[in-house]
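Undergrad: If you count the sequence shown from 1, position 3 lands on 465 in my numbering, and the numbers rise without skipping. Ideal Cβ positions, reconstructed from N, Cα and C, are used throughout, including at glycine. From a predicted model like this one, the values you see are computed outputs, not experimental measurements. The following block contains the structure, expressed as structure tokens.
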Amino acid sequence: MAELERPQRLQIMLTDEELAALENWRFEKRMPSRSAAVRELLRRGLSSDGFLTAGAGSRSQDFGVISLDRKADDGSGDSKP
């Protein structure tokens, strides 16, 4: 059996709205697959200046794809809306 180019698997759960947002972005950007779209979004997110900081007691369900109620931290100590 041939070795996979990407042998690590990552499984995530999405709401219907989050999946629709991913699919819309994927088709708009003409990405060849969901996996390619997710990898590109991860690359962009990891290279961005701002980032979310998880507070004490945060749960996975507190972090949504299309939710805008979280605040980004740009590293300066000031929060952005």
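In angstroms, rounded to a whole number, what distance separates the CA positions of serine 541 and alanine 516?
TA: As a position in the sequence shown, residue 541 is number 79, starting the count at 1. As a position in the sequence shown, residue 516 is number 54, starting the count at 1. Confidence at serine 541 is low in this model, with a pLDDT of 43, below 50, so the placement of that residue should be treated as unreliable; the coordinate-derived value is given next. Taking the straight line joining both Cα atoms gives about 13 Å.
Undergrad: Contact between the region 497-510 and the region 480-489: three or more CB pairs below 8 Å?
TA: Touching, yes, given that three or more Cβ pairs across the two stretches are closer than 8 Å.
Undergrad: Measure the beta-carbon distance from leucine 476 to leucine 484 and round it to whole angstroms, keeping in mind my assumption that it falls under 8 Å.
TA: Taking the sequence shown and counting its residues from 1, one reaches residue 476 at position 14. Taking the sequence shown and counting its residues from 1, one reaches residue 484 at position 22. The Cβ separation is near 7 Å, so the contact holds.
Undergrad: Using alpha carbons as the reference points, say which of Glu467, Arg468, Ile474 and Ser510 lies closest to glycine 526.
TA: On the sequence shown, residue 526 is found 64 positions in, with the first residue counted as 1. Nearest option by C-alpha distance: Ile474.
Undergrad: What are the boundary residues of the alpha helix (DSSP H) that includes aspartate 478?
TA: Numbered from its first residue, the sequence shown carries residue 478 at position 16. Unbroken alpha helix (DSSP H) run through aspartate 478: 478-490.
Undergrad: Output needed for arginine 505: all residues of its chain with C-beta closer than 6 Å, excluding positions within five of it in sequence on either side, in chain order.
TA: By 1-based counting over the sequence shown, the position of residue 505 is 43. None.
Undergrad: Give the DSSP-derived three-state secondary structure of aspartate 511 in the structure shown.
TA: Locating residue 511 in the sequence shown gives position 49, counting from the first residue. Of the three classes helix, strand and coil, the one that applies to aspartate 511 here is coil, per DSSP.
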